[in-house]
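Residue numbers (the working numbering): 10 to 436.
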């Protein structure tokens, strides 16, 4: 009996234990299944969030490690960003080109200034810059003497960048102190020079200077010949203040007494050296295409920015006049009276070619490409087609287009640009 009771208790206990074990096994299985489901959900969630987390991690790393160097040229047209963690090689640094949109052009008479002026007007218009305009409409000159604040207009409050002058292309005598206050520090000062006697011959006929020589001088080569025979004789007999002596030097700010009578050669050379320091580039009319390509490189512009219509050169040539080389004695007479201009021209002619030599052997190749572009643009603009001319990408330029509107801009004269820009700025 007792043994039977023990067996019953053992079986009951074992049964309870088995039941408990079964319950625990079931709970464990349910738990494992639940954990498996949760792991799946977590895995899915991780897979979904991984790209976002990766991007955020990269952003945080970059934001901590990347120091930004910004170089923004006046005019707000370009921004170069370089991480300081990167090392820029000397070769890369030399090839770095930062766009400059601010330019002060000092016009010189009968030197092809119309070409450079046209380039600057169009550049300012297309880049939405402010081109300095005379206060009086229709006045091609802001000032024959030193430029003054009251001579020019300022941007209106409606202009995108008020109180910001970008380009000067009208006639004004160079005055370093005044101009440096007017224009931003980034402004590049440029001018153009021409062989003095060739310049004078063009100016003599195109401005009808013979009218201001007394004793009945007539139009034509004879009156110019008369003047060159004895410039000292004719100078006191002029009936106008129109410049006939050292005219390029006078515009570039040389002391007026120095341009009339060069008493001190060394003083003249010192002024030329100061100009060399002040001016970013001096173009030479006889090498206009090379000068403009050099300007393009210096300002980091594009080839389409320096395109001009070759018909503008007509205004810098002697019209209705068959040029004949002057005898050496006549040329020497003129040189003695215009020694400052000769020293100026010869100095900057040398510096132009020195700068070109620094550009390397491929410079001539780019000039040839530029001349080819000028020729094709000129051919296109002389047609009546309304189709757009497309210039494919080339080693020396990007792909660009020329249309009829561009042709019209290329031929727009100073007075037209003045009215056109006034309407844009103030209407």
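C-beta atoms are modelled at their ideal positions from N, C-alpha and C, and glycine is treated no differently.
Which residue or residues does DSSP assign as beta-bridge partners of residue i?
| i | result |
| --- | --- |
| residue 198 | 113 |
| residue 398 | 411 |
| residue 406 | 403 |
| residue 161 | 143 |
| residue 292 | 201 |
| residue 365 | None; residue 365 has no bridge partner. |
| residue 247 | 222 |
| residue 177 | 113 |
Look at the Cβ atom of residue i, then the Cβ atom of residue j, and state whether they are nearer than 8 Å.
| i | j | result |
| --- | --- | --- |
| residue 313 | residue 376 | no |
| residue 257 | residue 416 | no |
| residue 198 | residue 115 | yes |
| residue 345 | residue 420 | no |
| residue 203 | residue 295 | yes |
| residue 188 | residue 302 | no |
| residue 232 | residue 221 | no |
| residue 293 | residue 372 | no |
| residue 433 | residue 142 | no |
| residue 124 | residue 361 | no |
| residue 140 | residue 160 | no |
Taking C-alpha atoms, which residue in the options lies nearest to residue i?
| i | options | result |
| --- | --- | --- |
| residue 200 | 186, 284, 162, 140 | 284 |
| residue 418 | 132, 340, 233 | 132 |
| residue 336 | 234, 278, 115 | 234 |
| residue 236 | 409, 206, 262 | 206 |
| residue 241 | 301, 250, 254 | 254 |
| residue 275 | 315, 348, 164 | 348 |
| residue 392 | 404, 136, 411 | 411 |
| residue 182 | 259, 413, 322 | 259 |
| residue 444 | 413, 261, 278, 217 | This structure does not reach residue 444, given that the chain is present from 10 up to 436, and the question cannot be answered. |
| residue 208 | 365, 277, 388, 343 | 343 |
| residue 156 | 134, 428, 186 | 186 |
| residue 374 | 405, 435, 355 | 405 |
| residue 105 | 306, 190, 400, 192 | 306 |
| residue 192 | 173, 213, 429, 384 | 173 |
| residue 215 | 262, 179, 322, 278 | 322 |
| residue 212 | 179, 252, 246 | 252 |
| residue 210 | 118, 315, 364 | 118 |
| residue 262 | 180, 164, 388, 387 | 180 |
| residue 368 | 264, 350, 304 | 304 |
| residue 435 | 135, 134, 164 | 164 |
| residue 277 | 246, 244, 250, 350 | 350 |
Measure how close the beta-carbons of residue i and residue j come, nearest whole angstrom, since I'm counting them as under 8 Å.
| i | j | result |
| --- | --- | --- |
| residue 310 | residue 130 | Not quite, the Cβ-Cβ distance comes to about 14 Å (not below 8 Å), so this is no contact. |
| residue 317 | residue 122 | So it is not a contact: roughly 12 Å between Cβ atoms. |
| residue 353 | residue 281 | 6 Å |
| residue 109 | residue 308 | 5 Å |
| residue 408 | residue 402 | 4 Å |
| residue 111 | residue 196 | 4 Å |
| residue 238 | residue 339 | 7 Å |
* Segment contact, 8 Å Cβ cut-off, at least three pairs: the stretch 379-389 with the stretch 282-295 -> Result no; under three Cβ-Cβ pairs closer than 8 Å.
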